[in-house]
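Okay, so the sequence shown: first residue is 118 according to this note's numbering, each after it adds one. Beta carbons: idealized from backbone N, C-alpha and C, even for Gly. These notes concern the structure reproduced below.
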Amino acid sequence: MTAWLDPVRMVLNQRNCQLNCYFRDDDAGWDDLTLFKLLDLFQLYAVPIDLAVIPKCLSKVLATELVLRISEYGHQIGLHQHGYNHSNHQSTGRKCEFGDCRTADQQFSDIVIGQRILKDCLGDYLQPMFTPPWNRCTQDTVDVLESLGFESLSRDYSAVLLQTDQLQEIPVHIDWFAKRKGVRLDFQMLGKQMAQRIQQHDSIGIMLHHQMTSADERAVLAELLELVSTHSSVHTCLMTEISGCYSEIL
Ligand SMILES: [Zn+2]
Numbered sequence: 118m119t120a121w122l123d124p125v126r127m128v129l130n131q132r133n134c135q136l137n138c139y140f141r142d143d144d145a146g147w148d149d150l151t152l153f154k155l156l157d158l159f160q161l162y163a164v165p166i167d168l169a170v171i172p173k174c175l176s177k178v179l180a181t182e183l184v185l186r187i188s189e190y191g192h193q194i195g196l197h198q199h200g201y202n203h204s205n206h207q208s209t210g211r212k213c214e215f216g217d218c219r220t221a222d223q224q225f226s227d228i229v230i231g232q233r234i235l236k237d238c239l240g241d242y243l244q245p246m247f248t249p250p251w252n253r254c255t256q257d258t259v260d261v262l263e264s265l266g267f268e269s270l271s272r273d274y275s276a277v278l279l280q281t282d283q284l285q286e287i288p289v290h291i292d293w294f295a296k297r298k299g300v301r302l303d304f305q306m307l308g309k310q311m312a313q314r315i316q317q318h319d320s321i322g323i324m325l326h327h328q329m330t331s332a333d334e335r336a337v338l339a340e341l342l343e344l345v346s347t348h349s350s351v352h353t354c355l356m357t358e359i360s361g362c363y364s365e366i367l
């Protein structure tokens, strides 16, 4: 069953320097039970995971459970802000919570309220990173984030370039649920995509969505976690851990 990982294994075996590997799971706040199953899996393989948390959807129960897991699991879960309430505000075109249909003032209001909710619930466990829903935002978003003391922004590696002196971009490169022409990529294609990234770069960020991750899906993901947690060329880490290596991660 692990044949889909053969290209990944091959390029890892050929490496002569370390690969930084990180996972960003989006939409914490939705479907807690499935999120906990994903966190259990990462804990089993001792692989760190970053969670993009939707402030408006974070319940007290979830916040308590996340903080408990972090204190028990040695800070191997990173928590950061994922928009405000994950609404699409665009009247046409691709979905965005922080797109050009929102003014700078509206964006400021959403982000600062979201930041307060997360700080209240998560305290010092909240990291100063922002992932915009659908990986899309505007220059106004960047300006707001800078004014609120954020240090990192995470989008897709191919996202449009935005001007910033303060924010470190820590992008994702692989979408576990990627589609091409409306059809989901099979695992063979996903393995090839990963191998290509690993062959040319020193870091790889993989985006997950726990709410779409069935038991069968987790079994396949376990194969990847087994590989990256045991291969001598791979360093699995939280996103903030590699925030100093700007040129390496784009
Ligand atoms: Zn999302």
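Helix or strand or just coil, what does DSSP make of residue i?
i	result
residue 221	helix
residue 363	Because the pLDDT of residue 363 is 46, which lies under 50, any placement of that residue in the model is unreliable, and the number read from its coordinates should be weighed accordingly. The answer is helix: DSSP assigns residue 363 an H, G or I state.
residue 349	coil
residue 326	strand
residue 140	strand
residue 228	helix
residue 207	coil
residue 333	helix
Roughly how far, in whole angstroms, is the beta-carbon of residue i from the beta-carbon of residue j, given that I think they are within contact range, below 8 Å?
i	j	result
residue 203	residue 228	About 13 Å separates the two Cβ atoms, so there is no contact after all.
residue 140	residue 164	7 Å
residue 314	residue 290	5 Å
residue 122	residue 334	Actually they are not in contact, since the Cβ atoms of residue 122 and residue 334 sit about 15 Å apart, beyond 8 Å.
residue 355	residue 167	6 Å
For the alpha helix (DSSP H) containing residue i, name the first residue and the last one.
i	result
residue 187	177–189
residue 294	From DSSP, residue 294 is part of no alpha helix (DSSP H); its letter is neither H nor E.
residue 198	Note, residue 198: premise wrong, no alpha helix (DSSP H); beta strand (DSSP E) at 194–198.
residue 148	Premise fails: residue 148 is in no alpha helix (DSSP H) and is neither H nor E.
residue 304	304–317
residue 132	No alpha helix (DSSP H) holds residue 132; DSSP gives it neither H nor E.
So the candidates are the options; which of them puts its Cα closest to the Cα of residue i?
i	options	result
residue 262	309, 246, 276	246
residue 288	280, 274, 281, 279	274
residue 350	321, 168, 326	321
residue 244	296, 160, 169	169
residue 147	166, 180, 129, 119	180
residue 293	326, 316, 278, 318	326
residue 324	133, 249, 178, 185	249
residue 342	149, 145, 134, 158	158
residue 154	329, 221, 348	329
With residue i as the anchor, note down where its beta strand (DSSP E) starts and where it stops.
i	result
residue 170	166–170
Uninterrupted alpha helix (DSSP H) stretches inside the region 231–267 (no shorter than 4 residues): 256–264
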